[in-house]
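So the sequences go chain by chain: X and U. Everything in the first sequence is counted per numbering that gives the first Met the number 0, starting at 0 for the first residue and increasing by one. Everything in the second sequence is counted per numbering that gives the first Met the number 0, starting at 0 for the first residue and increasing by one. Working notes for the structure below.
There are 2 protein chains.
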Amino acid sequence: MADELLGACGRAREASCALARLTRAEKDATLRAMADALERDAAAILAANAEDVAAARGAGMKEALVDRLLLTEDRIRSMAAALRETAGLPDPVGTVVAEKRLRSGLRLVTRRVPFGVVAVVYESRPNVTSDIAGLCLKSGNAVLLKGGSDAARSNGAIVASLASAAGVTDAVQLLPAERTLLRRLLRMECEVDLVIPRGGAGLLRFVREHALVPVIETGTGNCHVYVDRAADQEMALRILVNAKTQRPGVCNAAEKLLVHREVARGFLPKAQAALEGVELRGCAETVGIIGCAPAIAEDWDTEYLDLVLGVKVVRDVEEAVAHINRHGTRHSEAIVTADAAAARTFLAEVDAAAVYHNASTRFTDGGEFGLGMEIGISTQKLHVRGPMGLAALTTTKHELRGDGQIRE
Amino acid sequence: MADELLGACGRAREASCALARLTRAEKDATLRAMADALERDAAAILAANAEDVAAARGAGMKEALVDRLLLTEDRIRSMAAALRETAGLPDPVGTVVAEKRLRSGLRLVTRRVPFGVVAVVYESRPNVTSDIAGLCLKSGNAVLLKGGSDAARSNGAIVASLASAAGVTDAVQLLPAERTLLRRLLRMECEVDLVIPRGGAGLLRFVREHALVPVIETGTGNCHVYVDRAADQEMALRILVNAKTQRPGVCNAAEKLLVHREVARGFLPKAQAALEGVELRGCAETVGIIGCAPAIAEDWDTEYLDLVLGVKVVRDVEEAVAHINRHGTRHSEAIVTADAAAARTFLAEVDAAAVYHNASTRFTDGGEFGLGMEIGISTQKLHVRGPMGLAALTTTKHELRGDGQIRE
């Protein structure tokens, strides 16, 4: 396997050099051919997926997770549509970021260029496979896909289909879903330019621990909604219910509610009623007011990805900010208030990729941010923060042209 | 020490929150106070430096390295001048990077914000200490400085002097120069937002191996000058001599010469004459022409930082590009040619932060690039490539303002 992995990396490097030279029209044609291939091969992909689903059910996987694994004709059509949408997005490669004449007389042009070889490590959902392939290819990168073992057959069928489009075989490669292989991959800093883990805290920790390759961490969201003393409570309820329940399994869903002490007694019973079906775990003060289950210390650091919500009463906006900066994952954080000063404090002092005033945390998303598609939501500070579109998959190169300049 | 380190990180975090709130005028006043302090405390700093220098000479340090360690009144004046220059640079914090209304009606403003707590790990030169402190402070970051043990007394005196300026004590902290402490620091990803190693390949490897904290690697330069068949040979000689000898100990100095086979016989003897005092190590073909010492395999991967140059004859520009992409450190690479097509190929295909046509590699520098000062030269693709000015010490934050928006 060691040599196979090196071989895959070598082919990816070759493919990345070829990709970097393609025009936008050539890349878009390839993306459309990949979309056509998925639709043509839908039956084979569904058959492979049915085997994954049967194996997962056989192993006792929960139905909520089975649903993430499941492909349907509709979902395959959406995958193809996403590839065509990516073809329609502007190409970041070659874009001039800066252009100036230096004091030496040199002309400096700084352009966006592809990273080269990108590895993406993800779990479950096989429909993500074609999204990632499309975004990497459009941004001129070869991609090594390392999906979850549950979805291995589905991913195999999807990548085989995508690779039937001309020139894609080495540009989009699926690696076996093994942790030992992942560990080796993460140490191949000469062969791989970037690794993007998409998944839970465990995967991120594993990648951070083992990576010599540069990493962009994505998608852990222990997100908070803070209901201030001066909140419009109807608005707060609407935002809270949306942020918690509209899609509880995603990273921009709310996991915690913080409530200003002065309005807790009035607001919490309304919140409890509005969040019917959501398990509430409260601080002592919350339990005193609405009699829910008590939270334990680790609740404050937990991303449930489920219909569970931690609830805490805070003294003021400063305590809310301090709690978020201590326990949050720097993803998306919201304040609901009519008090401009409190909003200013919250937006300035909370350390997160996205900070919201009077809106749901659920808007942290490439589509909502106007980026088209996204390859993930960065929760780190290096390179890119929040939703990552095509430009996030590029780096820059400084080109300098002179006529014999030397440094004095 | 474990608790001391945690304490230092905690104080740095507090200081970073305060720094993030300062206006540009407040930060600039602090920088000027730091500059005044250095000049006021010059005698104490020189006394501490004299002890470092005596200890280094006693331990048999080479004079070239002693010179890097040595401070003089002039050098202290330069340090103060650099702080005042940093005060004069525009403040990146708060700069709006993007501003738009989203389809949901939310207003999105993306701004530059400080990283928070930055650790900089560097070797020898104590004059760098105040440069780093100034750049971090101006960009709103608290900094943990981890200098070389050779310069421990000098760095201690410099930081004590800087810290006498109001509000700097916790914002600029010097950590003991111990590897075990560095190892712990590199794993404190909750306490430290970014680590920047400045130094040789060994330090970079150590940091990459042990870091959980995000890293920006800087300053290893195995840089090449490629003399093409169509080069103006007089220009090529001037560029080569400048790139190799003007300051051989810095990362943007040339370490290798590649020469097109068709001009090797004519050019190499002239290069040998022009590079008098430089030890040449050649490939077999080079040795056949000019009779220099033969290079061994590891020469091609070595950054000498000395008056040594590896010399290799190549078939064409493609072989030059392939050699550079295999052995280079992605820092600065130059082609000398009058052939526009060869230049285009070289600039497009070489994978490096800075690619030069008809100019010396020595221009890869924050000052030359018009950034004012630089904190290092990034040789990685993530976040920033090439010279890192103040903006490279910031990340971004997305602020979203609504009036109750929820996601449908």
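Every residue gets a Cβ at the ideal spot worked out from N, C-alpha and C, and that includes glycine.
At a Cβ threshold of 8 Å, is residue i touching chain U?
i, result
"Asp350 of chain X", "yes"
"Gln271 of chain X", "no"
"Ile195 of chain X", "no"
"Gln172 of chain X", "no"
"Gln404 of chain X", "yes"
"Ile334 of chain X", "no"
"Ile376 of chain X", "no"
"Ser103 of chain X", "yes"
"Phe114 of chain X", "yes"
"His223 of chain X", "no"
"His356 of chain X", "yes"
"Thr328 of chain X", "no"
"Lys137 of chain X", "no"
"Pro293 of chain X", "no"
"Ala162 of chain X", "no"
"Ser77 of chain X", "no"
"His26 of chain X", "The residue asked about is misnamed: residue 26 of chain X is Lys in this sequence, not His. No, its Cβ sits nowhere closer than 8 Å to a Cβ of chain U."
"Asn241 of chain X", "yes"
Assuming residue i is part of the beta strand (DSSP E), what are its boundary residues?
i, result
"Lys255 of chain U", "Ala253 to His259"
"Met387 of chain U", "Gly385 to Met387"
"Glu98 of chain X", "Val95 to Arg100"
Sort out for me which residues DSSP pairs residue i with in a bridge.
i, result
"Glu72 of chain X", "Bridge partners of Glu72 of chain X: none, in fact."
"Cys189 of chain X", "DSSP, once it has assigned bridges, lists no residue as partnering Cys189 of chain X."
"Glu332 of chain X", "X:His223 and X:Val354"
"Lys396 of chain X", "X:Arg110"
"Arg197 of chain X", "X:Thr217"
"Gly281 of chain U", "U:Pro293 and U:Val310"
"Lys145 of chain X", "X:Val120"
"Gln172 of chain X", "X:Leu143"
"Ile376 of chain U", "U:Pro386"
"Gln404 of chain X", "U:Ala358"
Starting from the C-beta of residue i, find all residues in its chain whose C-beta is less than 7 Å away, skip the five residues before and the five after it, and write them out in chain order.
i, result
"Val349 of chain U", "Val320, Ile323, Asn324 and Glu332"
"Ala11 of chain X", "Val116, Ala141, Leu143, Asp169 and Gln172"
"Leu203 of chain U", "Pro196, Glu216 and Thr219"
"Ile238 of chain X", "Val224, Ala333, Val335, Ala358 and Ser359"
Output needed for residue i: all residues of its chain with C-beta closer than 6 Å, excluding positions within five of it in sequence on either side, in chain order.
i, result
"Thr360 of chain U", "Cys222, Ala242, Asn251, Ala253, Ser331 and Ala333"
"Ala292 of chain U", "Arg280"
"Leu105 of chain X", "Leu399, Gly401 and Gln404"
"Asp90 of chain X", "Arg23"
"Leu257 of chain X", "His223, Tyr225, Lys311, Val313 and Ala319"
"His259 of chain U", "Asp227 and Arg228"
Taking Cβ positions only, does residue i come closer than 8 Å to chain X?
i, result
"Pro247 of chain U", "no"
"Gly6 of chain U", "no"
"Pro89 of chain U", "no"
"Asp192 of chain U", "yes"
"Phe205 of chain U", "no"
"Thr395 of chain U", "yes"
"Gly59 of chain U", "no"
"Phe368 of chain U", "yes"
Using C-beta distances below 8 Å, list every residue in its chain close to residue i, excluding the 5 sequence neighbours before and after it, in chain order.
i, result
"Arg264 of chain U", "Ile288"
"Leu306 of chain U", "Lys243, Thr244, Pro247, Gly276, Val277 and Glu278"
"Thr301 of chain X", "Asn221, Glu254 and Gly309"
"Ala36 of chain U", "Ser160, Leu161, Ser163 and Ala164"
If I follow the unbroken alpha helix (DSSP H) through residue i, where does it start and stop?
i, result
"Ala342 of chain U", "Ala339 to Glu348"
"Ser153 of chain U", "Ala151 to Leu161"
"Glu233 of chain U", "Gln232 to Thr244"
"Arg39 of chain X", "Arg23 to Arg39"
"Ser129 of chain X", "Asn126 to Lys137"
"Arg325 of chain X", "Val316 to His326"
Assess, as a yes-or-no matter, whether the region 122 to 133 of chain X is touched by the region 157 to 176 of chain X under the definition of 3 or more beta carbon pairs within less than 8 Å. Contact check between the region 157 to 176 of chain X and the region 122 to 133 of chain X: three or more CB pairs, one atom from each, fall below 8 Å, which counts as touching.
Measuring CB atoms only, is the region 205 to 212 of chain X touching the region 305 to 319 of chain X, in the sense that at least three cross pairs come out at less than 8 Å? No, because fewer than three Cβ pairs between the region 205 to 212 of chain X and the region 305 to 319 of chain X fall closer than 8 Å, the two stretches do not touch.
The region 51 to 62 of chain U / the region 181 to 194 of chain U touching (three or more Cβ pairs under 8 Å): Between the region 51 to 62 of chain U and the region 181 to 194 of chain U, the count of C-beta pairs closer than 8 Å stays below three; the two stretches do not touch.
Taking three-plus beta-carbon pairs below 8 Å as touching, is the region 184 to 195 of chain X in contact with the region 105 to 118 of chain X? The region 184 to 195 of chain X is in contact with the region 105 to 118 of chain X.
Inspect the CB distances between the region 367 to 377 of chain X and the region 65 to 76 of chain X and report whether three or more fall short of 8 Å. At 8 Å Cβ cutoff, the stretches do not touch.
How about the region 27 to 44 of chain X and the region 151 to 163 of chain X: do they share at least three Cβ pairs that are nearer than 8 Å? Look at the beta carbons and you see the region 27 to 44 of chain X touching the region 151 to 163 of chain X: at least three pairs across the two are nearer than 8 Å.
Just checking, does the region 265 to 275 of chain X make contact with the region 381 to 396 of chain X on the three C-beta pairs under 8 Å criterion? With contact defined as three or more Cβ pairs closer than 8 Å, the region 265 to 275 of chain X and the region 381 to 396 of chain X are not in contact.
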